[in-house]
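Here's the structure we're looking at; comments come further down.
Protein chains: 6
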Amino acid sequence: MTSTTSFTRADGRAQDQMRAVKITRGFTTNPAGSVLVEFGNTRVMCTASVELGVPRFKRDSGEGWLTAEYAMLPAATAERNRRESMAGKVKGRTHEISRLIGRSLRAAVDLSQLGENTIAIDCDVLQADGGTRTAAITGAYVALADAIKVLKEQGVVPGDPLLPPVAAVSVGLIDGQPCLDLPYEEDVRADVDMNVVMTESGEFVEIQGTGEETTFTRAQLNEMLDIAEKGCRELVHAQKAALGI
Amino acid sequence: MTSTTSFTRADGRAQDQMRAVKITRGFTTNPAGSVLVEFGNTRVMCTASVELGVPRFKRDSGEGWLTAEYAMLPAATAERNRRESMAGKVKGRTHEISRLIGRSLRAAVDLSQLGENTIAIDCDVLQADGGTRTAAITGAYVALADAIKVLKEQGVVPGDPLLPPVAAVSVGLIDGQPCLDLPYEEDVRADVDMNVVMTESGEFVEIQGTGEETTFTRAQLNEMLDIAEKGCRELVHAQKAALGI
Amino acid sequence: MTSTTSFTRADGRAQDQMRAVKITRGFTTNPAGSVLVEFGNTRVMCTASVELGVPRFKRDSGEGWLTAEYAMLPAATAERNRRESMAGKVKGRTHEISRLIGRSLRAAVDLSQLGENTIAIDCDVLQADGGTRTAAITGAYVALADAIKVLKEQGVVPGDPLLPPVAAVSVGLIDGQPCLDLPYEEDVRADVDMNVVMTESGEFVEIQGTGEETTFTRAQLNEMLDIAEKGCRELVHAQKAALGI
Amino acid sequence: MTSTTSFTRADGRAQDQMRAVKITRGFTTNPAGSVLVEFGNTRVMCTASVELGVPRFKRDSGEGWLTAEYAMLPAATAERNRRESMAGKVKGRTHEISRLIGRSLRAAVDLSQLGENTIAIDCDVLQADGGTRTAAITGAYVALADAIKVLKEQGVVPGDPLLPPVAAVSVGLIDGQPCLDLPYEEDVRADVDMNVVMTESGEFVEIQGTGEETTFTRAQLNEMLDIAEKGCRELVHAQKAALGI
Amino acid sequence: MTSTTSFTRADGRAQDQMRAVKITRGFTTNPAGSVLVEFGNTRVMCTASVELGVPRFKRDSGEGWLTAEYAMLPAATAERNRRESMAGKVKGRTHEISRLIGRSLRAAVDLSQLGENTIAIDCDVLQADGGTRTAAITGAYVALADAIKVLKEQGVVPGDPLLPPVAAVSVGLIDGQPCLDLPYEEDVRADVDMNVVMTESGEFVEIQGTGEETTFTRAQLNEMLDIAEKGCRELVHAQKAALGI
Amino acid sequence: MTSTTSFTRADGRAQDQMRAVKITRGFTTNPAGSVLVEFGNTRVMCTASVELGVPRFKRDSGEGWLTAEYAMLPAATAERNRRESMAGKVKGRTHEISRLIGRSLRAAVDLSQLGENTIAIDCDVLQADGGTRTAAITGAYVALADAIKVLKEQGVVPGDPLLPPVAAVSVGLIDGQPCLDLPYEEDVRADVDMNVVMTESGEFVEIQGTGEETTFTRAQLNEMLDIAEKGCRELVHAQKAALGI
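Protein chains in written order, with the numbering used here: chain X, 1 to 245; chain Z, 246 to 490; chain F, 491 to 735; chain H, 736 to 980; chain W, 981 to 1225; chain R, 1226 to 1470.
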């Protein structure tokens, strides 16, 4: 890494260091899986609910489906944000993150082993301090694992649909330096913002990197991917510890 | 009370007994006031955020305003319920409860002492097991108190807007017997469902009683109000204990 | 009652006196029941239409259903109010009243005797001068009775679904005095506003009392319920006279 | 006219004969102008409300504006139709008729004499039996006249904005025969359906003729216009009689 | 015609002269029929897509159906207009034109020969310079013809549903002079604006004439219809030339 | 690259070969910039319109803004897709692409040189065959360049806001082989789908890679980026040729 010794982060972390990660299972009791995930001050409630049947485009396929919805509570942010249900429209950002979570989690489930059931992932941000989408993906995998266990115990699921962990982390360039797991304060002033979703085996599920204020070189991309890989490895470790596997 | 010895509630409570009540301040850190309130398994996150300025109809009145929004997370209930923002419309029930919370909390604040500021109350149900609206009102008062303290510390509020506590409880007729603080299971089979909002001094802020499946007599109304009064008294005690006053 | 001799209402009525009530059947000819109800200057067109079949949650129950929708014509009020269809959203107040009317009228019909039919109640306020929701409930009962008669004549309804009358009235505290059937002018300055829905036998279907500007004591509640009972008794009389029963 | 002696209308009218027309002023009291207009069984409540100020595109023009909204009450038709506010969208037909009424009435008002005020016309169909839009235009002129009188009495209107009457009538081809003022039963089976809006002096404000099921010749157009002219003349007579001018 | 020698149009055309008309088939390849139609600078992409099945109200009728949707691209006009999908509501004008196109094209197809198939016409205005709806109807007929040819080749259509051409043109009064095919600049200042839809045999499908700023006499109507007839005749000629028939 | 000789694409292209690219300026005349861009059979109309003023969050910043909206015409795809304005809601995919285009084009404009003006980019897909978002970005840059030229000629823009070209291309893994610029047929069966937005100097503006059906390794990522870079270089060449620079 090209980071120089003179660079320091506001919270004192090393550039390739995650914030404190905490995964609490059984956060609520009604959904099949319910997890509170914390990346520093970011806190997301991730649930996995099971619905019999599948959407129309999957009907009679013998396969299941997984959907995801992301939302931020109005008081999650420093300034209260308007409730989308009252505004009568869902923001593009919300749609985009919901779709990302759905794609990412579908990489962690073998739909052909699920039977014609649908798993609905809900990620509701209770407190936002950067990295809400990556915390959501990371926590949702644990909720998914719990939900599938319930399904198997109930004999609803014919096979063994759970695949190895998928985790996600944000990484960015701050003053030209690659930094892992950006809190809000860093996120706002990052030149480049990237979200990386990886499997336990170190393969990519999704990469999204954007440099609205600036652009980035191939070398910088590689630096960012290096530390993202480290972060995801640690997150998978935390997921497995939480699940006791 | 006319309760006979033979009547027993599923959870073993006496007819005039509240579920365990727990009020946690500082549940999240961004809003001025943030409270997790629990009535048994019902858990509601209540926040109070401050916005400069007031809605148009209050402009140049020298007074403040208070609004409230209630919502249920999709996975709060036993069956996942559809997210209202995605459905594109807010249910009548949601509107009704939001309006009730707003009216109730406005009885706990002297708007003329608030300056031209708006307090936005958000009550998001994390887990639902009956009595979500009454828990929301009870918890929101504590969040409101915290928010007003912040405003006063910031010197934004000219006067002393916080009025004595307002608390709310549900009460119903089950098999003709008045019961306090109904969980979901009792709520579903209650003949009459009533919500009572009271002040510390025992006056009513709001009474809403409905007997869709049946009707109720004046005598039964009085029995229900008697135990509701007991419940509200205990809730005010819990609010004050939480606030250390 | 504690009313003193010095208190006078703007329209000269006694505190426990209704405005002139007029119920006109057959106001329009297309719906099975069509009634114009007038409480003083408040005029509401109440219709009951019959739809074959029931909503999904009632399917195969052998029972019928009743729904209600309330709306105010744009020019019903002193200031024209915006048309909700053009605004693209229905106000919380409208939802709330529609739901109240539905619950109240379902107390006047034995759904198990209705067959799998739905009765749709529409209450459209032509002219508003306070008490529109209570006038709507009172008039809708008459429209409902007419619609059920049509259904029975057509042989569609197996049993005898009409139950005894349900009527509703508003009552409030004005300068601390309980007053019956508030016109707009009194409604605006009332300290407490209460709506009471009762059956012919004097039992409550629904009580909704709110004191946004102030609170009210148990004694004041009882005074208000006393005069509400008198009002409802007179309204049931008017309903029966209109129906010739 | 080419009508043969053998052709008879279900209600016994001659081909060029209007249904009974009735115009009742002061139908409700809140809006500046309020009229109930009846063309046979079609009954439309037409109101004209005054709003200070004008829409943005007219601001600082020194001129006023006139808008119109048309709606059908749910129970106005033989089959109850869904309430547009609840459906969350306004039908194309409704928009189309609202626009037609607005254009037609703007031909009856000199906007330059109105000052920067807006007149809002509302036409709500209480009972529908064909010709609702033409009845609405005809009745709305009378409501407009009353509203302008109020404005002049209040000294709000600088000039004399009311122009001579505008009236409207439907005409169609039934079994190839031109017929005036079609009720619903004829409207459904008409080959061609035309709405004609005329001034007192016999000039056209608007012509809309459509032959979805068939087409029509220039000769047939002329026959239809001839009887439409007769109908509009009679309607203007009725408007002036109602206004006592 | 009463046109005097002194009257000249900005683009030098005679009063009864069309702008240059160009009809390009196969403009895009996915839909069954795809046409770019140009009336001077007005350019509309008209497509005809085939959908199996019919809307509910046509089910089991043995007949087909045809629907149409019209829209304007945001940058089609001189000032960019707001995208209706983003605004969340479709303008009344758009609904009105879509309905007009649908009715007009249904006059060009024998639904009983179509089988239970639906043809969806889309008319998207790429560039607007007046007369977009009449260009749309004229071009859509050609797209419809192509789509029906495809259906017949696929053996989906049992009969011979295509009827003779339907074309449309605008006509107006400018400074009291009847003018054919108004560009935007003339449209804005026209006293009367009329759209005429005709069949090849010279019968009317639809006439819509409006004089918001003024009114028009029977004589002026006749003058406008005379030149509209000439325009439609030429457009049918262009349609047939494009189709090679 | 690891491509083996045995791998062939349906359209005969080499794995790192673009489809035929065509950029037509002045496609329509109303917007300041109007471009038709074609990547093979994919055709997108890209326009850049200028609006005075900036959104609220940029007011008094002295800077300009750029927004973008993407949409697909209903008949652009093989199966007609529903018009979003009629459906009443915009799909998440549409929002996502609109946001991507906006971010990408903002990397090509120096907002501080634009004055307080807004450039609105509209990308409407006339015909879709894969790669619509990358074609949109590539074409929109040319429309943006034309619009800025107009602004400068009008003296509205104080500085020189146009930055060097930004272009975008899709790349994917098909049967494990990296392929450039996927048409629809390849897009559907690709294991990984990646969109890369680059500047003329070869820096990244945005990378989005997703492997819903599978995952991908760091090595495969590098192979894909290699050919994406080649594609973007060629596209910038085409942009500059079109602009004559």
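Built from N, CA and C at the ideal position, the CB exists for glycine as well.
Proximal chain W residues relative to residue i, where beta-carbon distance stays under 8 Å
i: R/T1253; result: R1023, A1055, A1056, L1106, Q1107
Own chain residues within Cβ distance below 6 Å of residue i, not counting five before or after
i: R/D1241; result: L1405, I1452, K1455
i: X/V90; result: E84
i: Z/K485; result: none
i: X/A135; result: V37, F39, T42, V44
i: R/R1234; result: none
i: X/G159; result: Q113
i: Z/V395; result: A277
i: Z/F252; result: Q422
i: H/D857; result: T782, E804
Through-space distance from residue j to residue i, alpha-carbon basis
i: R/S1323; j: X/Y184; result: 24 Å
i: R/L1468; j: R/G1289; result: 23 Å
i: R/R1238; j: R/V1275; result: 39 Å
i: F/Q644; j: F/V599; result: 18 Å
i: X/V125; j: X/M72; result: 5 Å
i: X/T2; j: X/Q177; result: Here X/T2 scores only 47 on pLDDT, less than 50, and its place in the model should not be relied on; the value that follows carries that caveat. If I take the Cα positions, the gap works out to 8 Å.
i: Z/L389; j: X/A87; result: 24 Å
i: Z/M263; j: Z/V401; result: 38 Å
i: Z/A435; j: Z/D420; result: 7 Å
i: W/P1054; j: W/N1061; result: 5 Å
i: X/G130; j: X/D193; result: 11 Å
Own chain partners of residue i with C-beta closer than 8 Å, once the 5 adjacent residues on each side are dropped
i: X/Q127; result: N41, T42, R43, A76
i: F/A637; result: P521, A522, G523, A538, S539, V540, I609
7 Å CB neighbourhood of residue i in its chain, flanking five on each side removed
i: H/L970; result: V756, T873, A902, V904
i: F/A728; result: V511, I513
i: R/T1229; result: Because R/T1229 carries a pLDDT of 49, less than 50, the predicted location of this residue cannot be relied on, and no value is offered for it.
i: H/G788; result: E851, T853
i: W/E1186; result: L1080, R1083, S1084, V1177
i: F/R596; result: L556
Extent of the continuous alpha helix (DSSP H) to which residue i belongs
i: R/M1311; result: 1309 to 1312
i: F/V640; result: 622 to 643
i: X/S201; result: Here X/S201 belongs to no alpha helix (DSSP H), and DSSP marks it neither H nor E.
i: Z/G476; result: 463 to 488
i: X/E79; result: Careful: X/E79 lies outside any alpha helix (DSSP H) and carries neither H nor E.
Within chain F, partners of residue i - CB distance below 9 Å
i: H/A855; result: P564, A565, R570
Per-residue contacts from residue i into chain R (C-beta, under 7 Å)
i: W/T1027; result: A1300
Residue i, enclosing beta strand (DSSP E) - first and last residue
i: X/A168; result: 166 to 174
i: F/L556; result: 555 to 562
i: H/I836; result: Careful: H/I836 lies outside any beta strand (DSSP E), inside the alpha helix (DSSP H) at 827 to 841.
i: F/R515; result: 511 to 515
i: X/E51; result: 42 to 52
Proximal residues of chain R, C-beta to C-beta of residue i below 9 Å
i: W/E1183; result: None at all; the shortest Cβ gap to chain R is about 30 Å.
Contact list for residue i against chain X, beta-carbon separation under 8 Å
i: R/Q1379; result: Correct list: empty, because the minimum Cβ distance to chain X is about 28 Å.
Within chain F, partners of residue i - CB distance below 8 Å
i: H/E804; result: P564, R573, M576
#### Entry: Residues in the segment 1306 to 1335 of chain R having any Cβ partner in chain W nearer than 9 Å
R1308, E1309, S1310, M1311, A1312, G1313, K1314, V1315, T1319, S1323
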